[in-house]
Amino acid sequence: MNEVTAGGYKGKILRVNLSDSEFHVDPLPKDWIKDYIGGDGFGLKLLYDEVPSGTDPLGADNKLIVATGPITGTMWPMSGRTVFISKAPLTGIWGESHVGGFLGPELKYAGYDMLVVEGKADHPVYINIEDSHLDLLDASELWGTTTDQATINIKKMQHDPDIQVAAIGPAGEHQVRYAAVMVNHARAAGRTGMGAVLGSKNVKAIAIRGHGGVDVHDHEGFFELAKKAHSRVRENPQAKEMGKWGTWVLTAVKQEIGELPTYNHRTGVFPGYEKLTGDYIRPRFTVSDRACFGCSLGCKKVNYVQTGPFAGTLEEGPEYEGLMAFGSSLGVDDFATTLKANQICNRYGMDIISAGATIGFAIESFENGLITEKDTGGLKLEWGNREQIIRLLEMIAKREGFGDLLAEGSKRAADTIGKGSEKYAIHVKGMEVSGQDGRTHRSIGLGHATSARGADHLRSLVVVDQLGYEDVAIKRWGADKLPEIIDPYTEKHKAIAVFESENSYSIRDTLIVCWYSVSWPPIFWMEDFAEMLPLATGEKHLGKVENLVEIAERQITLKRLFNNREGITRKDDNLPDRFTKEPMPEGPGKGQTVNLDPMLDDYYTLRGWDLETGLPTKKTIKRLSLEWTKAHS
Amino acid sequence: MYEIQDIEVVFIPSHLVVDFTKCTGCRICELACTAKNEGRFQPSLARVKIVRYDDIGMDLPNVCGPCETAPCVDICPVYAMRRDPITKVTFLDESKCILCKSCVGACVNGVILLDTARMKIIKCDHCGGDPECAKACPTGAINYTDVSVAPSLDRHSKITSYLREIERTAQEASGVE
Ligand code: SF4
Ligand code: SF4
Ligand code: SF4
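Protein sequence lines, in the order shown, are assigned to chains H and C.
Read in order, the letters of the first sequence correspond to residues 1142 to 1774 in our numbering.
Read in order, the letters of the second sequence correspond to residues 96 to 272 in our numbering.
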């Protein structure tokens, strides 16, 4: 084990400066462990320190961080995740994107906790890391290729099929503002535009191969606990369902509560939803089940299309979000289209949620006469046009014609178009809204409004109200908060549910473990991490839930300070008018709107942020030992 | 005489048997193997190897055996690699190994490794009859069982069944369209 750090860590930060082609290895600061644990937390501390306000996200001064946590590469369930962190091209504020697959463990086995990519290369390169052999290699031949081709070719060139590759596609090269970084062909670090950051730096890919191992503090104790944890996943009834259907189970549930985003979030029920449910898809299209590193749940589905215009498509995915983004949200009741669109996004390297939502924005603007065939280059934009969606995706990825405007995301596109088209750009802080609707799932209204990276469903989504987990709600928040806390149509008690979920997910993102072990299905929570962390790290401090809560609060408030430094205040914690002013037009939640302000007040109070400005108060900054940020001075 | 026949009939040697159709490629088996045999998490030293094809979405576990004739035993020049006459499991007698690496190349499953850090051959010993990988595998893709009762699924059958699955979805899809 490394002397300077605790168990689980490698104790090293690898830096590559593309401008002078130099690699450096820095020791991992020991005091980060106690304050930030790892993953998201380490990346946050580094980005706050090293990327000052006003930095151009697509400039040479921005940095891209690939981070892991203390248990990355161990046998803890679903701990194979990796986070990409940078100032976001899509939003100009805090950017992070987590991804499954196998990249993070390989970085640990190569001997590093984090990789920091700095500067800008003067020609296309790929970063090749094999243990302590570090190279910047020419990628001119790979430039222009899709993510899967780049991955296969790097493995060939290095004569090693076990290399893990994170690659960008044409979308990243063209700096599409929501370009993704792809690992293992179909796993995407999709949101906020991390692929555009790599593209702006002329980095086609990061290839990693490690032959080392990870040593935890108490191997026997940790190994035993990890095995028990796997048994819990294997026995959990909801996890079993997830293993069979993946996130597709959500389509029917959300249709039932009227929260299935349809026609660019205009409504929450979709008549053709049945063809987007697991029951329909699995027997007709699914050919194999797959998993990410260390995962006993296995939610990934490989699907194959035999008939119709997309016959021959063989691709992993899409998730529920893809069914929503290219299905209900664009008026398409056809799984094959969503699979094809997902494949295009994977290969070209683009975020499906933002891509789908930006297309939805364009269709609705066209429908309302704000743009015409003159703007679109002759395309008559319309709902439910399957081939048109695929064509638009290709145009966006290559910034061809009208695609160039859509590559900027819905907010920037609306700013350019003007004429009130902003009301069809369904985003928060510039990031397109994911597949939820605050009107019929109130807590996510607050979550979308307050999440650090914009309209985000992964940092604080409460599922106990959405899915009606009464027993879980009682256990976490007490029976006195029922029935409101599990009623998706009321604001009451939603701030506390969001606050506590966000804290737990924040620890989840430092470890880093998958959303599907913590959030939904709810298998592990704070007390489980408090039991595991001392065995993994040897840090007794991390064995107390109250300390983990403090670390989580520190993290969320520090992300807030990062965003404040870029000018974000309470006025930016808003929702599109569609959710606050247009009542849900039909379905079980007919007539519902979000009343954001009372939830915001409660949330700020819980966080210790100023009610008027939304800035963390001096007292909060002191309580969380964040004085070093020099905020307020 | 009757006694001898009884022993031959009753004895069932167990092996690691793989059902390729079930594997999800999670690599928990590799982790469990090194956690038990190396005291750390280091898949590069695992005695089981998962080959993952991301481009076609398929995962193939490779374990030691079952080998009718064991090439690793046949090729070893100094009889360091041997076969237990009763369990039929192959094992390495490290004290006799001269590190010629012949077995590494000969293994039909590619699961014999040279640990270049410690300069020794790494080879599955079936965990002395209590295989950690089989216990850890969440899908039942690796089983420790009698070869004769296990489904004899080889790699080709996984690919065949994979193609059959594609065919089947095709038929259902055309049936409903
Ligand atoms: S090590 Fe390889 S060749 Fe030897 S018995 Fe096992 S699988 Fe067969
Ligand atoms: S039986 Fe034991 S040594 Fe062999 S692969 Fe499985 S865990 Fe490893
Ligand atoms: S643990 Fe089982 S399912 Fe997972 S990779 Fe190994 S054999 Fe496949």
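All residues carry an ideal CB built from backbone N, CA and C; glycine is no exception.
These figures come from a predicted structure and were not determined experimentally.
Comparing C-alpha positions only, which one of C:GLU227, C:SER197 and C:ARG263 sits nearest to ILE123 (chain C)? Nearest C-alpha to ILE123 (chain C): C:GLU227.
What first and last residue would you give for the alpha helix (DSSP H) that runs through TRP1173 (chain H)? Residues 1171-1177.
In the DSSP assignment, find the unbroken alpha helix (DSSP H) run with SER1647 (chain H) in it and report its ends. 1635-1652 is the extent of the alpha helix (DSSP H) around SER1647 (chain H).
Curious, which full-length alpha helix (DSSP H) runs of at least 4 residues does the region 1609-1634 of chain H contain? For the region 1609-1634 of chain H, the full-length alpha helix (DSSP H) segments reaching 4 residues or more read 1611-1618 along the chain.
Are the C-beta atoms of ASP114 (chain C) and some chain H residue less than 8 Å apart? Contact with chain H is absent for ASP114 (chain C), since none of that chain's Cβ atoms lies less than 8 Å from the residue's Cβ.
In chain order, what are the residue ranges of uninterrupted beta strand (DSSP E) at least 3 long that sit wholly in the region 1260-1309 of chain H? 1266-1271, 1274-1279 and 1305-1308, all fully within the region 1260-1309 of chain H.
Assigned secondary structure, ILE1575 (chain H) (DSSP; H/G/I helix, E/B strand, else coil): The sequence shown places Ser at residue 1575 (chain H), rather than the Ile named in the question. DSSP places SER1575 (chain H) outside both helix and strand once states are collapsed to three, so it counts as coil.
Spatial neighbours of TRP1284 (chain H) within its chain, please: CB distance less than 8 Å, with the 5 preceding and 5 following residues excluded, ordered by chain position. Same-chain partners within the cutoff: PRO1265, GLU1314 and LYS1345.
Assign MET1491 (chain H) to one of three DSSP states: helix, strand, or coil. Looking at MET1491 (chain H) - three-state DSSP - the assignment turns out to be strand.
Do you know whose CA, among H:ALA1482, H:GLY1561, H:GLY1559 and H:LYS1560, lies nearest ASN1526 (chain H)'s CA? Comparing Cα positions, the closest option is H:ALA1482.
Please classify GLY1561 (chain H) as buried or exposed, where buried requires at least 16 neighbouring CB atoms within 10 angstroms. Burial is judged here by how many other beta carbons sit within 10 angstroms of a residue's own beta carbon; GLY1561 (chain H) has fewer than 16 and is exposed.
How many angstroms separate the CA atom of ARG1711 (chain H) from the CA atom of TYR239 (chain C)? In a straight line, the C-alpha of ARG1711 (chain H) is about 60 Å away from that of TYR239 (chain C).
Just curious, the beta strand (DSSP E) that HIS110 (chain C) is in, first and last residue? 109-113 is the extent of the beta strand (DSSP E) around HIS110 (chain C).
Counting only the same chain and skipping the five closest in sequence on each side, list residues whose C-beta sits under 6 Å from that of ALA1393 (chain H). Leaving aside the five residues that flank ALA1393 (chain H) on each side, the residues in its chain whose CB is nearer than 6 Å to its CB run, in chain order, THR1418.
With distances taken between CB atoms, is the gap from GLY1588 (chain H) to MET1572 (chain H) smaller than 8 Å? At the C-beta level, GLY1588 (chain H) and MET1572 (chain H) stay beyond 8 Å of one another.
Same chain only: Cβ atoms within 7 Å of GLU1563 (chain H), ignoring 5 sequence neighbours per side: Counting only Cβ-Cβ distances below 7 Å, and skipping sequence neighbours, we find ALA1555.
For a contact meaning CB atoms closer than 8 Å, what does GLY1252 (chain H) contact in chain C? Around GLY1252 (chain H), no beta-carbon contact reaches into chain C at under 8 Å, the shortest distance being about 12 Å.
How many Å lie between THR1761 (chain H) and GLU1753 (chain H) at the Cα? Distance from the CA atom of THR1761 (chain H) to the CA atom of GLU1753 (chain H), rounded to whole angstroms, is 15 Å.
Distance between GLY223 (chain C) and ALA245 (chain C) (C-alpha atoms, nearest Å): With a pLDDT of 46 at ALA245 (chain C), under the threshold of 50, the modelled position of that residue is not reliable, and the figure given next carries that caveat. In a straight line, the C-alpha of ALA245 (chain C) is about 20 Å away from that of GLY223 (chain C).
Short of 7 Å in beta carbon distance, which residues of its chain neighbour SER1162 (chain H), apart from the five on each side in sequence? Order them along the chain. The residues are LEU1277.
Where MET1673 (chain H) and THR116 (chain C) are concerned, what is the direct C-alpha to C-alpha distance, given to the nearest angstrom? Going by the C-alpha atoms only, they are around 33 Å apart.
How should ILE1226 (chain H) be labelled, buried or exposed, when 16 other C-beta atoms within 10 angstroms of its C-beta is the threshold for buried? With 16 or more Cβ atoms within 10 Å of its Cβ, ILE1226 (chain H) is classed as buried.
Beta carbon proximity, SER247 (chain C) to chain H, threshold 8 Å: Below a pLDDT of 50, predicted positions are generally treated as unreliable, and SER247 (chain C), at 45, falls in that range; the measurement from the model is reported next regardless. Closer than 8 Å: no.
Quick one: which chain C residues come within Cβ less than 9 Å of SER1601 (chain H)? Listed by position along chain C, the residues whose Cβ is nearer than 9 Å to that of SER1601 (chain H) form an empty set, because the closest Cβ is around 28 Å away.
Burial state of GLU1259 (chain H) (16 or more Cβ within 10 Å): Burial call: buried.
Can THR1698 (chain H) be considered in contact with ligand 1, in the sense that its beta carbon sits closer than 7 Å to one or more heavy atoms? Not so, every heavy atom of ligand 1 lies at least 7 Å from the Cβ.
Tell me whether GLN1346 (chain H) sits in a helix, a strand or coil according to DSSP, three-state version. Per the sequence shown, residue 1346 (chain H) should be read as Ala rather than Gln. The three-state secondary structure of ALA1346 (chain H), taken from DSSP, is strand.
Status (buried if at least 16 other CB within 10 Å, exposed otherwise) for LEU1471 (chain H): Buried is the label assigned to LEU1471 (chain H), since at least 16 other Cβ atoms lie within 10 Å of its Cβ.
According to DSSP, simplified to helix, strand and coil, what is GLU1237 (chain H)? It is a strand residue.
List the residues that DSSP assigns as beta-bridge partners of ASN157 (chain C). Assignment of beta-bridge partners to ASN157 (chain C) by DSSP yields C:LYS144.
Can you name the residues of chain H whose CB is closer than 7 Å to the CB of PHE186 (chain C)? Close to PHE186 (chain C), with beta-carbon spacing below 7 Å, lies no residue of chain H; the smallest spacing is near 24 Å.
Could you say which of H:SER1220, H:LYS1416, H:CYS1655 and H:LEU1231 lies nearest to MET1335 (chain H) if we only look at CA atoms? Answer by Cα proximity: H:LEU1231.
Meets three-Cβ-pair contact criterion under 8 Å: the region 1495-1514 of chain H and the region 1288-1302 of chain H: Contact between the region 1495-1514 of chain H and the region 1288-1302 of chain H is absent: fewer than three C-beta pairs spanning the two stretches fall below 8 Å.
May I ask you to list the residues that DSSP assigns as paired with ASN1526 (chain H)? Bridge partners of ASN1526 (chain H): none, in fact.
Reference ILE1692 (chain H); option with closest CA among H:GLU1625, H:LYS1151, H:ASP1172 and H:ALA1147: Nearest of H:GLU1625, H:LYS1151, H:ASP1172 and H:ALA1147 to ILE1692 (chain H), Cα basis: H:ASP1172.
Would the C-beta of ASP154 (chain C) count as close to ligand 5, meaning under 7 Å from any of its heavy atoms? Of the ligands this structure carries, namely ligand 1, ligand 2 and ligand 3, none is ligand 5.
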